[in-house]
């Protein structure tokens, strides 16, 4: 990056790269303009002693779209057909005026689309490591393609997304949903206060520019995770609009239901444990068998395989503690034509 290069020039360069990756020019310009709004902090609000830690907007716009180390084709080779084929969608519930609502579920549950739960869209990334993607294909099991444009998202962002879906499940999708700031934070296990207010706003900003495309044998869907967001600073509320296009992903056969209280109890290896919690819920069979290479690839975990195994052992132990799964066991499986055995893990979902 050239130091004297203007922000406008760097933004145009990022847009050009995004278009080269398949994004339309209009979408690329819209995404770039929104990224500025949530990445660029006002200088007056940044404490002097911490100013050096703030990443300049120019650096974010100049970030080269990052690709996964292990391609989805290689990851898909180890997937069975039973895991790959999604179940048939169920009819969406309807309300008056031909407007659709999200299919209902109990108060102690939250929902996540299966295709998103099996990809690194909400990855266990390290704090502060948020690259910007431009229509990148994310690793996922065979039979589905997930492409993503926007800033990297983590499991805390996933908490907010699932809580928004929960609060909006009883009204027509597309109608503004009133979110009470302090109550929303408490519902996702966070304390009330100015720091978390700022954090929540930053999550809304990320989710608003996040653009996902899902393709499988039945449909091809491109959608934002959330739409318009309007904050009432006096009342301490937000008006958040969910994109009606997400309905397809939340049909009963295409979504996973997550025990919310168990998720909130996770304390160790929280991000990876939350990803595994979503992932294991997305499979029909209670007893599950997975290769460590696949889990590392699909979760988006960036550390070397040895460190991933250590982290996975801790995450599985934590999930056993909160009674999400039982009897995790690591073992090796011989693969015909290969001299090296494949590292595997199995568990039983409760």
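Numbering (the numbering used here), first residue to last: 5 to 354.
Note that CB positions come from ideal geometry on N, CA and C, so glycine has one too.
Bear in mind that the values here come from a model prediction, so they are computed numbers and not experimental data.
Legend entry - C-beta atoms of residue 312 and residue 300 nearer than 8 Å: In the chain shown, the residue the question calls residue 312 occupies position 308. In the chain shown, the residue the question calls residue 300 occupies position 296. Judged by their CB atoms, residue 312 and residue 300 are nearer to each other than the 8 Å cut-off.
Inset, instruction - List the residues that DSSP assigns as beta-bridge partners of residue 116. - result: Taking the first residue of the chain shown as 1, we reach residue 116 at position 112. Beta-bridge partners assigned by DSSP to residue 116: 260.
Legend entry - 8 Å Cβ shell around residue 186 - same chain, five flanking residues per side excluded: The residue you call residue 186 lines up with position 182 of the chain shown. Excluding its 5 nearest sequence neighbours in each direction, residue 186 has C-beta neighbours in its own chain below 8 Å: 196 and 240, listed in chain order.
Legend entry - C-alpha gap between residue 238 and residue 156, whole angstroms: Numbered from its first residue, the chain shown carries residue 238 at position 234. Numbered from its first residue, the chain shown carries residue 156 at position 152. Between residue 238 and residue 156, the alpha-carbon positions lie close to 31 Å from each other.
Legend entry - Beta-carbon proximity of residue 4 to residue 316, cut-off 8 Å: In this structure the chain extends from 5 to 354, so residue 4 is not present and cannot be described.
Legend entry - Interface flag, residue 248 vs chain C, CB-CB below 8 Å: Among the chains in the structure shown there is no chain C, since it carries only a single protein chain.
Legend entry - Given 8 Å, three or more beta-carbon pairs between the stretch 197 to 205 and the stretch 136 to 146: No, the stretch 197 to 205 does not touch the stretch 136 to 146.
Inset, instruction - Could you check the C-alpha separation between residue 296 and residue 226 for me, to the nearest Å? - result: By one-based count along the chain shown, residue 296 stands at place 292. By one-based count along the chain shown, residue 226 stands at place 222. Cα to Cα, the separation comes out at about 30 Å.
Legend entry - Rounded separation between residue 165 and residue 210 - CA only: Your numbering for residue 165 matches position 161 in the chain shown. Your numbering for residue 210 matches position 206 in the chain shown. Note on geometry: alpha-carbon atoms of residue 165 and residue 210 lie some 11 Å from one another.
Inset, instruction - Could you name the residues of the same chain whose beta carbon sits closer than 7 Å to that of residue 264, not counting the 5 residues immediately before and after it, in chain order? - result: As a working mapping, residue 264 is identified with position 260 in the chain shown. Taken in chain order, the residues that qualify are 112, 113 and 114.
Legend entry - Cutoff 6 Å; reference residue 248; Cβ partners in own chain excluding five residues on either side: Here residue 248 refers to the residue found at position 244 of the chain shown. The beta carbon of residue 248 sits closer than 6 Å to those of 177 and 178, all from its chain and outside the five residues before and after it, given in chain order.
Inset, instruction - Consult DSSP for residue 274 and reduce its assignment to one of helix, strand or coil. - result: Taking the first residue of the chain shown as position 1, residue 274 is located at position 270. Here residue 274 sits in helix by DSSP.
Legend entry - Cα-Cα separation, residue 162 to residue 223: Position 158 of the chain shown holds residue 162. Position 219 of the chain shown holds residue 223. Residue 162 and residue 223 have their C-alpha atoms some 23 Å from each other.
Legend entry - Run of the beta strand (DSSP E) containing residue 138, from where it starts to where it stops: By 1-based counting over the chain shown, the position of residue 138 is 134. Unbroken beta strand (DSSP E) run through residue 138: 136 to 142.
Inset, instruction - Assign residue 208 to one of two classes, buried (16 or more other C-beta atoms within 10 Å of its C-beta) or exposed (fewer than that). - result: As a working note, residue 208 is residue 204 in the chain shown. Counting Cβ neighbours within 10 Å, residue 208 comes out buried, since at least 16 surround it.
Legend entry - Entirely enclosed alpha helix (DSSP H) segments - the stretch 139 to 187, minimum 4 residues: Whole alpha helix (DSSP H) segments, 4+ residues: 159 to 171.
Inset, instruction - List the whole-angstrom C-beta distance separating residue 250 from residue 281, where the pair is believed to meet the contact cut-off of C-beta under 8 Å. - result: Taking the chain shown and counting its residues from 1, one reaches residue 250 at position 246. Taking the chain shown and counting its residues from 1, one reaches residue 281 at position 277. Going by Cβ atoms, the distance from residue 250 to residue 281 rounds to 21 Å, so no, they are not a contact pair.
Legend entry - Alpha carbon of residue 117 to alpha carbon of residue 126, nearest angstrom: The residue given as residue 117 occupies position 113 in the chain shown. The residue given as residue 126 occupies position 122 in the chain shown. One alpha carbon belongs to residue 117, the other to residue 126, and they sit about 12 Å apart.
Inset, instruction - Just the C-alpha distance for residue 327 and residue 140, rounded to the nearest angstrom, thanks. - result: Translated into the one-based positions of the chain shown, residue 327 becomes position 323. Translated into the one-based positions of the chain shown, residue 140 becomes position 136. Rounded to whole angstroms, residue 327 to residue 140 spans 35 Å at the Cα level.
Legend entry - Residue interval of the beta strand (DSSP E) (run including residue 236): Position 232 of the chain shown holds residue 236. Here the beta strand (DSSP E) through residue 236 covers 233 to 236.
Legend entry - Spatial distance of residue 259 from residue 335 (CA atoms): Start at 1 with the first residue of the chain shown, and residue 259 comes out as number 255. Start at 1 with the first residue of the chain shown, and residue 335 comes out as number 331. For residue 259 and residue 335, the distance between alpha carbons rounds to 30 Å.
Inset, instruction - Could you please give me the residues that DSSP links to residue 348 through a beta bridge? - result: Counted from its first residue, the chain shown places residue 348 at position 344. The bridge partners DSSP lists for residue 348 are 295 and 335.
Legend entry - Close Cβ partners of residue 323 (< 7 Å) along its chain, the five nearest in sequence each way excluded: Translated into the one-based positions of the chain shown, residue 323 becomes position 319. Same-chain partners within the cutoff: 277, 280, 281 and 329.
Legend entry - Distance between residue 354 and residue 292 (C-alpha atoms, nearest Å): Within the chain shown, residue 292 is the residue found at index 288, counting from 1. Within the chain shown, residue 354 is the residue found at index 350, counting from 1. Cα to Cα, the separation comes out at about 11 Å.
Inset, instruction - Excluding the 5 residues preceding and the 5 following residue 345 in the sequence, name in chain order all residues of the same chain whose CB lies nearer than 8 Å to its CB. - result: What you label residue 345 is simply residue 341 of the chain shown in a count that begins at 1. In its chain, beyond the 5 residues on either side, 336, 337, 338 and 339 have a beta carbon closer than 8 Å to the beta carbon of residue 345.
Legend entry - Presumed contact (8 Å Cβ cut-off) between residue 128 and residue 303, rounded CB distance: The residue labelled residue 128 in the question sits at position 124 within the chain shown. The residue labelled residue 303 in the question sits at position 299 within the chain shown. So it is a contact: roughly 6 Å between Cβ atoms.
Inset, instruction - Compare the Cα-Cα distances from residue 230 to each of 220, 352, 221 and 205 and report the closest residue. - result: Numbered from its first residue, the chain shown carries residue 230 at position 226. Nearest option by C-alpha distance: 205.
Inset, instruction - From the DSSP output, in three-state form, read off residue 255 for me. - result: Position 251 of the chain shown holds residue 255. Of the three classes helix, strand and coil, the one that applies to residue 255 here is coil, per DSSP.
Inset, instruction - Output the distance between the C-alpha atoms of residue 272 and residue 319, rounded to the nearest integer angstrom. - result: Walking along the chain shown from the start, residue 272 turns up at place 268. Walking along the chain shown from the start, residue 319 turns up at place 315. A straight line joining the alpha-carbon of residue 272 with that of residue 319 spans about 7 Å.
Inset, instruction - Counting only the same chain and skipping the five closest in sequence on each side, list residues whose C-beta sits under 7 Å from that of residue 286. - result: Reading the chain shown from its first residue, position 282 is the one you call residue 286. So the list reads 118, 121, 122 and 260, once near-sequence residues are dropped.
Inset, instruction - State the DSSP-derived secondary structure class of residue 121, mapped to helix, strand or coil. - result: Counted from its first residue, the chain shown places residue 121 at position 117. Correct three-state label for residue 121: helix.
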